[in-house]
Amino acid sequence: MATIRIPTPLRKLTQGKEEVTATGGTIGALITSLETQYPGIKERICDDSGQVRRFVNIFANDEDIRFLKNLETSVKDSDEISIVPAIAGG
Amino acid sequence: MTTASAPSNKTIPSYVEGLRCRECGQTYDKAPVHVCEMCFGPLEVAYDYARIGKVLTRAAIEARPHSMWRYAELLPLDGPPAVGQQSGMTPLLRADRLAKRLGLKEVWVKNDAVSYPTLSFKDRVVSVAVSKALEFGIGTIACASTGNLANATAAQAAAAGLPAVVLVPYDLEPAKILGTSIYGARVVGVKGTYDDVNRLCSEIAGKYGWGFVNVNLRPFYAEGSKSYAYEIAEQLGWRLPAHVVVPMAGGSLVTKVGKAFGEFEKLGLVPAPARKTRIHGAQAEGCAPIIDMVLENRDHVRPVKTPTSIAKSLAIGNPADGFYARQTIIGSGGWAAKPNDDEIIAAMRLLAETEGIFTETAGGVTLGAALKLIAGGQIGKDDGPVVICITGNGMKTQDPLVGKLPTPALIGPRLGDFDALQATWT
């Protein structure tokens, strides 16, 4: 099962857990799997059309999934996925 | 310019109602939070403009000290600022020699290269953020930075007597590292790009409870940028310019310039211009994710994985405010341009040689973009006031100029040597 790092704004939905695990062959499948464990989490990450919200960044092993295949990016059990809110410049 | 430290506006009450998600409208109490729990949208400070409109007049502002705090009702503190009382009110100078070279009638330079205390517009946002952190009772100040913010955060944290932790990309200009370490801050170089630093800071902020000026304090911090635009309007004689050219990294400043002009108009402090101020964005060719959104008419950010420009202070490949920055530009009728490194250096030299202002590479980006916008017809030769936003100081980014400027002539200490040299000058 892949490890998913949960950002602070979503931890109310994961009972405060910073890291959770889920199964799924792609990022999209992983999010669907997360939703079954933690109802309500998918709508926070994805918009009505199912796409990742514009202020959410998802990284697969430190690589932004927009440089990979977005929601179709494949995921292995050993992978670490991070969900990170967009933050300001400096 | 700078004035005595005691602001006369210390009794001004707060007009902040709370925080509101810019995406979905969800409201939150004032707190060090920056992201909407519902949709991840950015949180913005919400003001009671009806009440502000009853008290904030030109006369009231003009009677106050010459600092950014003369606009206190439109800044998000609950009391007087604890630090940065002298920040803001930098010169807006009429740049006739530059205008002549640009072929324009009326050009102004808003010069935050001489911002107090650390020579960039980041002094404005950090003055707000550190003062706000003290209001929240936060004990440690931190930031992710491309340099200028590092300097400002370290300085203002020192002035507040708070420890500072500053995370920067490992390959930052040495002057910006030194200009941070001197204040006693803990400086951490991260092996990666600014976007890697940002991501790490997002996780650190969640874990350590520090006040990251551009993470969990961001809604308050970003409001400080508005003072730059308020000053432009006031210093132009209470009017808005026809054009303003703004450098962009994360895209926050350009959106706040648009917000500030809108607030002044809404409050009746400036007349509505016949045509809305066109707000133009500038990024370097080597890292131009927001410019490309405008040029390609696209509303989502396509991140730049490895920025390559000499303008490191603007090298943010994944701009958090990209969506709203583009919206501000397009909504104002403005446009976007991305000079390359040679054009950036040429523009830095042009500003220095015509107006005596040594700006950092980001300033070269702004003026270089203005040159392109003039050539492209987006800024017309006969248009009204054009404001060039200079936000940082060239003394901090000298490395890219090495080898690009004439080296000093070397002579012996004899008049004959000088005469011989002078005879070669054309």
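Protein sequence lines correspond, in order, to chains X and Y. Residues in the first sequence are numbered from 0 upward in steps of one, following numbering that gives the first Met the number 0. Residues in the second sequence are numbered from 0 upward in steps of one, following numbering that gives the first Met the number 0. All C-beta atoms in this analysis are idealised placements derived from N, C-alpha and C, irrespective of residue type, glycine included.
Contacting residues, own chain, Cβ-Cβ under 8 Å from residue i (five flanking each side not counted)
| i | result |
| --- | --- |
| Lys16(X) | Ile5, Arg10 |
| Val300(Y) | Pro288, Ile289, Met292, Asn317, Pro318, Gly321, Phe322 |
Outcome for residue i when other beta-carbon atoms lying within 10 angstroms are tallied against a minimum of 16
| i | result |
| --- | --- |
| Ser4(Y) | Only weak support is given to the placement of Ser4(Y): the predicted model assigns it a pLDDT of 44, under 50, and the question is left unresolved by the model. |
| Met88(Y) | buried |
| Glu62(X) | exposed |
| Arg57(Y) | exposed |
| Asn8(Y) | For Asn8(Y), the predicted structure reports a pLDDT of 49, less than 50, and the residue's modelled location is therefore unreliable. A value from the coordinates is still provided. Classification for Asn8(Y): buried. |
| Trp107(Y) | buried |
| Phe417(Y) | exposed |
| Trp424(Y) | exposed |
| Met394(Y) | exposed |
| Glu222(Y) | buried |
| Phe105(X) | With chain X covering 0 to 89 only, the question about residue 105(X) has no answer from this structure. |
| Gly39(X) | exposed |
| Leu12(X) | buried |
| Glu342(Y) | buried |
Distance, residue j Cα to residue i Cα
| i | j | result |
| --- | --- | --- |
| His279(Y) | Arg238(Y) | 18 Å |
| Asn147(Y) | Gly376(Y) | 32 Å |
| Ser114(Y) | Ser86(Y) | 7 Å |
| Gly330(Y) | Thr276(Y) | 10 Å |
| Thr22(X) | Tyr37(X) | 13 Å |
| Val164(Y) | Ala204(Y) | 11 Å |
| Ala310(Y) | Gly415(Y) | 43 Å |
| Thr2(X) | Ala374(Y) | 52 Å |
| Ala506(Y) | Glu18(X) | Any answer about residue 506(Y) is impossible in this case: the structure gives chain Y only from 0 up to 425. |
| Tyr27(Y) | Ile315(Y) | 28 Å |
| Ser13(Y) | Val189(Y) | 38 Å |
| Trp209(Y) | Ala141(Y) | 7 Å |
| Ala184(Y) | Gln14(X) | 35 Å |
| Asp382(Y) | Ser32(X) | 57 Å |
| Pro90(Y) | Asn69(X) | 46 Å |
Top-ranked residue by Cα proximity to residue i, from the options
| i | options | result |
| --- | --- | --- |
| Pro182(Y) | Arg21(Y), Leu161(Y), Gly191(Y), Val124(Y) | With the sequence shown as reference, residue 182(Y) is identified as Tyr, and Pro is not the correct amino acid for it. Tyr182(Y) has its Cα closest to that of Leu161(Y), out of Arg21(Y), Leu161(Y), Gly191(Y), Val124(Y). |
| Leu400(Y) | Asp340(Y), Leu294(Y), Trp107(Y), Val189(Y) | Asp340(Y) |
| Tyr207(Y) | Ile137(Y), Ala158(Y), Ser180(Y), Ser331(Y) | Ile137(Y) |
| Asp170(Y) | Leu404(Y), Tyr193(Y), Val386(Y) | Tyr193(Y) |
| Ile26(X) | Val83(X), Glu71(X), Pro84(X), Ala85(X) | Glu71(X) |
| Gln234(Y) | Pro405(Y), Val269(Y), Pro173(Y) | Val269(Y) |
| Ile82(X) | Lys68(X), Ser73(X), Lys75(X), Arg52(X) | Arg52(X) |
| Gly52(Y) | Asp195(Y), Leu166(Y), Leu73(Y) | Leu73(Y) |
| Asp84(Y) | Glu105(Y), Pro338(Y), Val127(Y), Leu92(Y) | First, the residue type needs correcting, since residue 84(Y) is Gln and not Asp in the sequence shown. The shortest C-alpha separation from Gln84(Y) is found at Val127(Y). |
| Val440(Y) | Ala157(Y), Gly362(Y), Ala408(Y), Arg413(Y) | Residue coverage of chain Y in this structure runs from 0 to 425, which leaves residue 440(Y) outside it and unanswerable. |
| Ser312(Y) | Thr358(Y), Gly333(Y), Lys380(Y) | Thr358(Y) |
| Lys131(Y) | Pro240(Y), Phe219(Y), Asn110(Y), Asp398(Y) | Phe219(Y) |
Contact set for residue i: own chain, Cβ-Cβ below 7 Å, skip 5 residues either direction
| i | result |
| --- | --- |
| Ala151(Y) | Thr117, Ser119, Lys121, Asp122, Val125 |
| Gly191(Y) | Pro168 |
| Ala259(Y) | Lys225, Ala228, Tyr229 |
| Asn60(X) | Asp78, Glu79 |
| Gly40(Y) | Cys20, Arg21, Glu22, Cys23 |
| Ser201(Y) | Val214 |
| Cys35(Y) | Cys20, Glu22, Cys23, Gln25, Leu42 |
| Val196(Y) | Ala143, Leu166, Val167, Pro168, Val189 |
| Leu133(Y) | Ala81, Ala159 |
Close Cβ partners of residue i (< 6 Å) along its chain, the five nearest in sequence each way excluded
| i | result |
| --- | --- |
| Thr307(Y) | Gly285 |
| Thr254(Y) | Asp320, Tyr323, Ala324, Thr327 |
| Phe263(Y) | Ala232, Val269 |
| Asp46(X) | Arg52 |
| Ala174(Y) | Lys395 |
Chain X contacts made by the segment 36-63 of chain Y, where a contact means CB separation under 7 Å: Those would be Glu36, Met37, Cys38, Phe39, Gly40, Pro41, in chain order.
Along the segment 199-225 of chain Y, where does the CB come closer than 9 Å to a CB of chain X? Name the residues. For the segment 199-225 of chain Y, the residues whose beta carbon sits under 9 Å from a beta carbon of chain X are, in order, Cys200, Ser201, Glu202, Ala204, Gly205, Lys206, Phe211, Val212, Asn213, Val214, Asn215, Arg217, Tyr220, Ala221.
In chain order, what residues of the segment 299-322 of chain Y put their CB closer than 8 Å to some CB of chain X? So the close ones are His299, Val300, Arg301, Pro302, Lys304, Ile315, Asn317, Pro318, Ala319, Asp320, Phe322.
At a Cβ cut of 7 Å, what residues of the segment 357-384 of chain Y count as close to chain X, listed as they run along the chain? none
Using Cβ-Cβ distances below 8 Å, what residues of the segment 64-87 of chain X are close to chain Y? When C-beta distances to chain Y are compared with 8 Å, the residues of the segment 64-87 of chain X below that value are Arg65, Phe66, Ser81, Val83, Pro84, Ala85, Ile86, Ala87, in chain order.
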